[in-house]
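Reviewing the structure listed below.
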Amino acid sequence: MAGEADKVKGGAKEAAGKVTGNDRMEAEGKTEKAKGEAKNAAHDVKQGAKGAADSLKKD
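So, in structure tokens, the structure goes:
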């Protein structure tokens, strides 16, 4: 999906920040994960709207 790469990258950054005690890196990781989740949600909405439009065209 659209945001999986951001979620994975963010998770790695967050974990590295926790291990090293780097609060900034941990926060950046959390932000990237949230960005990935938002991209996935937007993609899901777009797919749902496309499905609804396609079903209306069939009638």
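Numbering follows my numbering, with no gaps: position 31 of the sequence shown is 474. For each residue, glycine too, the CB sits at the ideal point set by N, CA and C.
Own chain, CB closer than 6 Å to residue i, minus 5 neighbours either side, in chain order
i, result
"residue 460", "468, 469 and 472"
Reduced DSSP secondary structure (H/G/I, E/B, other) of residue i
i, result
"residue 483", "helix"
"residue 446", "coil"
"residue 464", "coil"
Residue i classed as buried or exposed, judged by whether at least 16 other C-beta atoms fall within 10 angstroms
i, result
"residue 493", "exposed"
"residue 475", "buried"
"residue 500", "exposed"
"residue 457", "buried"
"residue 491", "exposed"
"residue 464", "exposed"
Proximity to residue i [Cα-Cα], best of the options
i, options, result
"residue 450", "499, 497, 490 and 484", "484"
Neighbourhood of residue i by C-beta, 8 Å cutoff - its chain only, sequence neighbours within 5 removed
i, result
"residue 481", "446"
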